[in-house]
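Novice: Top to bottom, those sequences are chains S and L.
Heads up, the first sequence is in this note's numbering, so the first residue is 158 and it goes up one at a time.
Heads up, the second sequence is in this note's numbering, so the first residue is 1218 and it goes up one at a time.
Next up is a structure, given as structure tokens.
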Amino acid sequence: MIKIADAFRNGKAFIPFITCGDPTIDMTRKLVKAMVENGADLVELGIPFSDPTAEGPVIQGANLRALSGGVTTDDVFELVRQLREEDGLTVPMVFMTYANVVYHYGTEKFLSKAAEVGMQGLILPDVPFEEKEDFDPACKKYGLELVSLIAPTSHDRIKTIAAEANGFVYCVSSLGVTGMRNTITTDVGAMVKLVKAAKEIPACIGFGISNAETARKMAQSADGVIVGSAIVKLIGQYGEEAVPFVAQFVREIKDALRDL
Amino acid sequence: MSKGRFGIHGGQYIPETLMNAVIELEEAYNHFKNDPDFQAELTELFNNYANRPSNLYFAEKMTQDLGGAKIYLKREDLNHTGAHKINNALGQALLAKKMGKTRLIAETGAGQHGVATATVAAYMGMECDVYMGRVDMERQALNVFRMRLMGARVHGVDSGTATLKDAVSECMREWTNRIADTHYLLGSCMGPHPFPTIVRDFQAVISKEIKEQMLEKEGRLPDVVLACVGGGSNAIGTFYHFIEDKDVQLIGCEAAGRGIDTWETAATINTGSLGIFHGMKSYFCQDQYGQIAPVYSISAGLDYPGIGPEHAWLHDIGRAQYVGITDEEAVRAFEYLSRTEGIIPAIESAHAVAHAIKLAPTMDKDKIMVITLSGRGDKDCAAMARYRGEELYDD
């Protein structure tokens, strides 16, 4: 059985994110396979939402392209089924989407399907600790892990959140929305230490990591790094031709993490 | 269940980055709402800056013309800045100032809330950034000018449908970017807790005054109270002190756009379903996959795909009724009130007037109806002329 923990068995984990259906669901399938072949340890699959309030312009654009192409949540479930059954992918995968996509589909129905097609977890950036009761019991029931996020503004909340966290803790590196940044000024190492003091659980850093150098720097104080906008930007730029560019980018990041 | 619930609605569905900010806001609000000095300062601002209390005006000609219930208009349009939005803006800005914040950010649809925020920012010497859908900036160019005149920066939002919902999304994004010195002055009784409660409390001055004025003029409570509903702040302010008075019928008038049986509508209660968006659980116009619908109304202020959680709850328990009013009905009411009473209502408020025109004739003459005129209609004149095929300005 595939577990999120599998992602952390081979050193520092590299976790790429892409928006499903950007530009088409067939391209997403090719991209996920290419990312896994080139070293992705866990894949974060975004289910597009009309109003992604935690995203910067790059991923907003991907959501828009995907929805304009007519992709639905059911198409994404079918994609995952193909990746598992037909392509034989064994890396752990988690969904990243917004509360309404799950809630309006029917939380139970969504999670039972997610488990059935082979997903391991769920990230909902608009569901803080206080609201997780809407989703966590159903996640547990179907064996998915609801990944908790902590932010540079979390301070004393980190202990509370980490103590009940599952899968891994998503450490948001910076204020603001997702997107590429030149520098990350937050003391993410201190955030990770607070997580580890509360619970022995992998901690991964995301938001603003756009190149191998930053990824390596961030991975020195965490168990893994998450990269979204930089990959989505390549997809936006190269469209149907994006596979080799994304593959190379993923390989560069993973290589930068190998000896840590 | 988390805090800030109205039945199953409400809550705090926001990124972790903002959680300490809303907790800090809640703590500050709980402290100051019971602080006599704060309340005295706010009352002083209401009375001497915003021109409160607003009149409760007996619309005699409208009453005679419709031949039914006695109609009163709660004249929020006579407030400084021309709408009810100033009540909430003053309250929240004062609170933000006490919290040591130096910058206000706000979303705006029709521009009335943006103007109110720019006004209080100028008055209190605070920095101000307003986010407004690009489409709305064109529909409400006059209000854009007013905001800039008072020193606010107005940022056009191009994402999504480039209207109110996108302005709210952009404001939330901006708040996660800069929190320490910034208060998000949310303009409606929506969003994450504690906003729906804070906004309602600051707008509740409307129903508090209606009640006092009505008892003074008529010696009794009204039978029906009407207000237009987008997010629902003037409506919740109009309803709040009557919720316990079960004999007072509460009616919210939603923007049906081209009709609740079309896709071009913003009537959330009539066409929406349960969801989680913009920080709250409530009713939203959305598709089967939970994608938020691109709503439509002639009124930029009601052009929102959700409704405040307290309204969703009042609907659930049957305490308030929500009716859809089409563009055409609202425009006719806009023209009707102008002609009949010499009062040009905001196109938003005209939705409430439109329902009154239908309802009043069906009521006995000894019944009393109050319509909240949430704002004045100067800002809408160019758009109303265009609706009737006339261009007021050359391009």
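Ideal Cβ placement from N, Cα and C applies to all residues, glycine included.
1) Determine which residues of the stretch 1479-1506 of chain L have a Cβ less than 9 Å from any Cβ of chain S, and write them out in chain order.
2) Report the residue from L:L1443, L:D1583, L:G1447, L:P1522 whose alpha carbon sits nearest the alpha carbon of L1290 of chain L.
3) At which residues does the alpha helix (DSSP H) containing Q1256 of chain L begin and terminate?
4) For the beta strand (DSSP E) containing C1388 of chain L, name the first residue and the last one.
5) Which parts of the stretch 1416-1489 of chain L are runs of the beta strand (DSSP E), unbroken and 3 residues or longer, counting only runs that do not cross its ends?
6) Take P1270 of chain L as the anchor and find which of L:P1413, L:R1351, L:T1393, L:I1423 has the nearest alpha-carbon.
7) Run through chain L and tell me which residues come within less than 8 Å of Q217 of chain S, C-beta to C-beta.
8) Between V189 of chain S and L240 of chain S, how many whole angstroms is the CB-CB distance? I'm expecting something under 8 Å.
9) Which runs of the alpha helix (DSSP H) at least 4 residues long sit entirely within the stretch 316-371 of chain S? Give them in chain order.
10) According to a CB-to-CB cut-off of less than 7 Å, which residues of the stretch 328-351 of chain S neighbour chain L?
11) Using only the alpha-carbon positions, how far apart do N1451 of chain L and Q1420 of chain L sit?
12) State whether the stretch 288-301 of chain S contacts the stretch 226-243 of chain S, with contact taken as three or more CB pairs (one from each stretch) at a distance under 8 Å.
13) Please decide whether N368 of chain S counts as near chain L, where near means a Cβ-Cβ distance under 8 Å.
14) Report the residue from L:N1268, L:R1536, L:A1358 whose alpha carbon sits nearest the alpha carbon of Y1610 of chain L.
15) So, are the CB atoms of H1528 of chain L and V1587 of chain L less than 8 Å apart?
16) Do you know how far the Cα of K169 of chain S is from the Cα of V200 of chain S?
17) Starting from R1320 of chain L, trace the beta strand (DSSP E) both ways and give me its first and last residue.
18) Nearest to A1379 of chain L by alpha carbon, out of L:V1512, L:E1481, L:T1543, L:A1599?
19) Could you check how far apart the C-beta atoms of V329 of chain S and I358 of chain S are, in whole angstroms? I think they sit under 8 Å.
20) Can you check which of these residues, L:L1307, L:G1350, L:G1331, is closest to N1613 of chain L by C-alpha distance?
21) Can you check whether the CB of V274 of chain S is closer than 8 Å to the CB of Y1506 of chain L?
22) With 8 Å as the threshold, decide whether the Cβ of R314 of chain S is near any Cβ in chain L.
23) In chain L, which residues lie with their C-beta within 8 Å of the C-beta of E398 of chain S?
24) If we call anything under 8 Å between Cβ atoms a contact, is A164 of chain S one with D208 of chain S?
25) Which of helix, strand or coil does DSSP assign to P285 of chain S?
26) Starting from the C-beta of A211 of chain S, find all residues in its chain whose C-beta is less than 7 Å away, skip the five residues before and the five after it, and write them out in chain order.
27) If we count the other Cβ atoms within 10 Å of its Cβ and call it buried at 16 or more, is I1493 of chain L buried or exposed?
28) Which residues, in chain order, does the stretch 1223-1257 of chain L contribute to contact with chain S at a C-beta distance below 8 Å?
29) With a threshold of 8 Å between beta-carbons, can S1386 of chain L be considered close to chain S, or not?
30) Could one say the Cβ of T1380 of chain L lies closer than 8 Å to chain S's Cβ atoms, at least one of them?
31) Put K411 of chain S into one of helix, strand or coil per three-state DSSP.
32) Under DSSP, the alpha helix (DSSP H) around R1549 of chain L begins and ends at which residues?
33) My output table needs one value for A211 of chain S: the three-state DSSP class, helix, strand or coil.
34) Would you please verify whether the beta carbon of R1390 of chain L is less than 8 Å from any beta carbon of chain S?
35) Check for me: the beta strand (DSSP E) holding L391 of chain S runs from which residue to which?
36) Does the stretch 1584-1602 of chain L come into contact with the stretch 1281-1288 of chain L, if we say contact requires no fewer than three beta-carbon pairs (one atom in each stretch) closer than 8 Å?
Specialist: Judging by the given coordinates:
1) S1490, L1491, G1492, I1493, F1494, H1495, G1496, K1498, F1501, Q1503, D1504, Q1505, Y1506
2) Of L:L1443, L:D1583, L:G1447, L:P1522, the residue nearest in Cα terms is L:L1443.
3) Looking at the DSSP string, the run of the alpha helix (DSSP H) that includes Q1256 of chain L is 1253-1265.
4) Counting along the chain, C1388 of chain L falls outside any beta strand (DSSP E), though it belongs to the alpha helix (DSSP H) covering 1381-1394.
5) 1441-1446, 1466-1474
6) L:I1423
7) S1376
8) 6 Å
9) 345-355
10) V329, L332, G333, V334
11) If you take the alpha carbons of N1451 of chain L and Q1420 of chain L, they lie about 7 Å apart.
12) no
13) no
14) Nearest of L:N1268, L:R1536, L:A1358 to Y1610 of chain L, Cα basis: L:A1358.
15) no
16) 14 Å
17) 1320-1325
18) L:V1512
19) That belief does not hold up - the Cβ atoms of V329 of chain S and I358 of chain S are roughly 16 Å apart, past 8 Å.
20) Outside the shown range of chain L, which is 1218 to 1612, sits residue 1613 of chain L, and nothing can be said about it.
21) Judged by beta-carbon spacing, V274 of chain S lies beyond the 8 Å limit of Y1506 of chain L, meaning their Cβ atoms are not closer than that value.
22) Cβ-Cβ to chain L under 8 Å: yes for R314 of chain S.
23) In chain order: nothing, as chain L lies at least about 26 Å away.
24) no
25) coil
26) P282, D283, V334, T335
27) Here I1493 of chain L is buried: its Cβ has 16 or more other Cβ atoms, across all protein chains shown, within 10 Å.
28) G1228, Q1229, Y1230, I1231, P1232, E1233, T1234, L1235, M1236, N1237, A1238
29) yes
30) no
31) helix
32) 1544-1558
33) coil
34) yes
35) Here L391 of chain S belongs to no beta strand (DSSP E); instead the alpha helix (DSSP H) covers 386-395.
36) yes
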